[in-house]
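Before any comments, here is the structure.
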Amino acid sequence: MIELNVLSRFYMREEVMFTDPAPNFNFDPHSAEFAADPYTTYAAMRAIDMPYYWEEADTWMLTKMADVEAVALNKNMLRNNEAFVSEIDRKEQQRAINFHDMPYHERYVQVNLLESEGETHSRLRKVVFREFTPAMISRQREAIQTFVDGLLEELSDQNEIDFVSDFAAHVPGHIIGRVLGVPDEDAPKLRHWSEEVVRFFDPGREDADKARAEFATKEFYEYLLDLLATREAALQDDLLSRLIGHRDAGQLSQDELISTAMLILMAGHGSTIDVLGSGMHALLRFPDQNQRLRDDAALMKTAVQEMFRFESPLPYFHRFATEETEVGGRKFPAGTRFGLLYGAANHDPVRFDNPDKFDVGRSPNRHLAFGGGGHFCLGNHLARLDMDVIFSSINARFSGIELADTKVEYKRGLSVRGPKALRMGWKRA
Amino acid sequence: MVKLTFLKADGSQVETDVAPGNSLMQAAVNAGVDAIAAECGGACACGTCHCVLPQDWFERVAAPASDEIDMLEFVIEPQPTSRLSCQVVVTEEMQDMVISVPDTQV
C-alpha cells in the first residue's frame, strides 16, 4: 500500500494550513479493493486540495474535473517528453519503466499517432480523422446490426451466458477489423495481440508481461505486413487500402502506416469490450434505469453516454508539462508528469449531480471518457454506434435479464476498467 | 460583457452575456446550448461545435486556421460562413451578434 508520501505531506502542510495534513486513504490501483470500487478512493483524493503525488509512477494524479480538463486542453501538456529531455535521459527513463529492449514495441507501439505531438500528430490525425467522422461511421450501421443480430441469435437459446466472453468480446474486434479491412476469421488473433500489448501500458510492468507484449507486437506486425501486401495487389474499399494511398501520396511513412493500423485495431478492441460489460452491469445494478430505457428507446443516446461516464473504460492517461504550469492551485516545474484520472473526473460532483447514480437520461453529460483536447478519441462515434446497436438489439430480443452471479469482479489496474466476466440470465422476448 | 444570441434550428433563441476572450463555444456551453456538443473541449479536434456566423461577421472575425478549415470539411451541412465555435474568440465588437447552431453535430 502506498501512503501519502513525504513530499505531498510537506506540500499539504505548506499550503493547507488548517486541515489535517494526512488524508485517510491508500492509493493502490493494483489492489482488489481498488478494482472493486475505485470511486471511494477517487472521492478521497478529490477531497484534498491539491494533486496527489503517486511516488511509484513519479506522477501527480489529478482527480477533479476542472484540473483534468485544464491539463487535457493545455497545449503545453504533451503525451511525450521528447521536447525537453535529452535522448540519453529519455532512454534512461524508458529503462526505469521497463519500456526498453523491445524493438518491435518501441518502433510500432511506443511511437504512433496517440504518442505523437505537433506536426506528426496533426498530419496523422488528419489522415485518420476523415475515416471516423459520423458520416463515415454511419455507413457501418447495417454491417454492425447484421453481425450483432447473428451473434444474438446464436446465443438466444441459452438461458445463461457470460456477457463479456460469450458476446461483448466478439463484437468490437469484428467491427473495427471490417473498417480496417481485416478478414472476420482473424478477429480472435487481433484481440489476443491487442490485449497482450495494451496490458503492458499499466504501471508496474513485469518482465514476463514485457516479453508477451513484444512477442504480440512482432506477430501483429508480421500479420499486417502480409495483409498490406495482399491489399497492395488489389486495393479494396477499406481503411487499409486508403492508408496505402495516403502512404503512396507521401502523407505517412510505412512505419507510420503500420503503427496507425495497429493503434486503430488496439484502440477499437478492449475498451469497447470493457464498456459493453460495465454498461450492461450498470443496467442490471440499476433496474429502474434499465426499465426506463426499455420503456423509452429514445433514451439510448443519453444512456450510452452515461455508460461511458459511469464506468469510463480507459480511466487513466498522462501528460508532461513542457513549461512551469499551475495546476490545482500550485505551480509545477517543466517535466512534471501528470496523471489524468478521467474515471475520477467523471464522478466529480462539481460537474455531475449525484455522480454515483447511473442515470440513462443524464443531460447534459459533459464527461471525459473519450479524453479531451487534441488527443480526443477518434473512434468515439464508432464505439457509441456499436453500443447503440447492441443495447437496442438486446432490448428488442430479450427480456428478464438479470445477474446470475451478483459478485462481479472488475479487472485490476489503473489504465483499464471493465468486468472480467458478467454471468447473466435472459430469455427470448 | 458582450451580449450574444444563439439561434437554434427550431427557431428558439438563447441569449447570453459573455466576457471577451472566451470562445463562442464556451459561451454556448455555459448558456446551455446543447447543440454545441464541443466534445473535445475546444481543441479543434472533434468538429462538434459547428456554428454559422452572419455573413458580415464572418468577414470581420479572424479567418480560420488550416486545421479548422480541414475540420469544417466534415461537419454536417457546412455553410459558406460555417465556423467551429471553439476557434472564434469573443470580442467587444461582437455585441448583439446572432449565431446559428445546427440541430445536431453528429
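Chains as they are written, first to last, in this note's numbering: chain A, 1 to 429; chain B, 1001 to 1106.
Note that the Cβ used here is the ideal one computed from N, Cα and C, for glycine as well.
- Chain order gives the chain B residues near F376 of chain A as E1039, C1040, A1043, A1045 and C1046, where near means a beta carbon separation below 7 Å.
- Under the Cβ distance rule, P134 of chain A counts among the residues neighbouring chain B, one pair being separated by less than 8 Å.
- By the Cβ criterion, the stretch 149–161 of chain A is not in contact with the stretch 261–275 of chain A, since fewer than three pairs of Cβ atoms, one from each stretch, lie closer than 8 Å.
- Relative to the Cα of P287 of chain A, the nearest Cα in the group A:F358, A:S116, A:K420 and A:F84 belongs to A:F358.
- Between the stretch 293–308 of chain A and the stretch 186–206 of chain A there are fewer than three C-beta pairs closer than 8 Å, too few to call the two in contact.
- Membership of I264 of chain A in any beta strand (DSSP E) is not indicated; the residue belongs instead to the alpha helix (DSSP H) covering Q254 to A267.
- Bridge pairing for Y223 of chain A: absent [DSSP].
- At a cut-off of 8 Å between beta carbons, D1010 of chain B makes no contact with chain A.
- Taking a cut-off of 8 Å on C-beta distances, the stretch 237–253 of chain A does not touch the stretch 142–150 of chain A, as fewer than three cross pairs fall below it.
- Within the same chain, P29, P315, G343, A344 and R417 come within 8 Å of P38 of chain A by CB-CB distance, once the 5 residues on both sides are set aside.
- If you check the CB distance, V1061 of chain B and S1082 of chain B do not come in under 8 Å.
- Assigned with DSSP and collapsed to three states, F332 of chain A falls in strand.
- Of B:D1056, B:A1027 and B:A1038, the smallest CA-CA separation from T1104 of chain B is found for B:A1038.
- In chain order, D1070 make up the part of chain B whose C-beta sits under 7 Å from the C-beta of K126 of chain A.
- R139 of chain A is outside the set of residues whose beta carbon lies under 8 Å from a beta carbon in chain B.
- A distance below 7 Å between beta-carbons, with the five flanking residues on each side excluded, links T217 of chain A to the following residues of its chain, in chain order: Y104, H105, Y108, V109 and V197.
- A direct Cα-to-Cα measurement between M50 of chain A and H246 of chain A gives close to 45 Å.
- For P51 of chain A, no CB of chain B lies under 8 Å from its own CB, so it is not counted at the interface with that chain.
- Taking a Cβ-Cβ cut-off of 9 Å, the neighbours of F1074 of chain B in chain A comprise F129, R130, T133, P134, A135 and M136, given in sequence order.
- Bridge partners of N1022 of chain B according to DSSP: B:P1020.
- Boundaries of the beta strand (DSSP E) harbouring G425 of chain A: R423 to R428, taken from the DSSP string.
- Counting only runs that start and end inside the stretch 328–376 of chain A, the alpha helix (DSSP H) elements of at least 4 residues fall at 342–345.
- When CB distances to chain A are screened at a threshold of 9 Å, the residues of the stretch 1001–1031 of chain B falling below it are V1029, in chain order.
- Between L73 of chain A and chain B, the shortest Cβ-Cβ separation is below 8 Å.
- In this structure, G379 of chain A keeps its C-beta atom at 8 Å or more from the C-beta atom of G1041 of chain B.
- Annotated three-state conformation of G1047 of chain B is coil, per DSSP.
- Inter-residue distance for L382 of chain A and G328 of chain A is about 34 Å (C-alpha atoms, whole angstroms).
- Residues of chain A with a Cβ closer than 8 Å to the Cβ of D1034 of chain B are, in chain order, S363 and P364.
- Taking 8 Å as the cut-off, the beta carbon of P172 of chain A is found no closer than this to the beta carbon of T325 of chain A.
- In this structure, DSSP gives G277 of chain A a helical state, which the three-state scheme calls helix.
- As a beta-bridge residue in DSSP terms, I161 of chain A pairs with A:M424.
- Under the Cβ criterion of 8 Å, V1089 of chain B is not counted among the residues facing chain A.
- Listed in chain order, the non-local C-beta contacts of F310 of chain A below 7 Å within the same chain comprise A282 and F358, local neighbours out to five positions each way being set aside.
- E82 of chain A and T322 of chain A have their C-alpha atoms roughly 10 Å apart.
- Non-local beta-carbon contacts of S392 of chain A in its own chain, meaning distances under 8 Å to residues more than five positions away in sequence, involve A297 and M300 in chain order.
- When only Cα atoms are considered, S1085 of chain B and P1102 of chain B end up about 12 Å apart.
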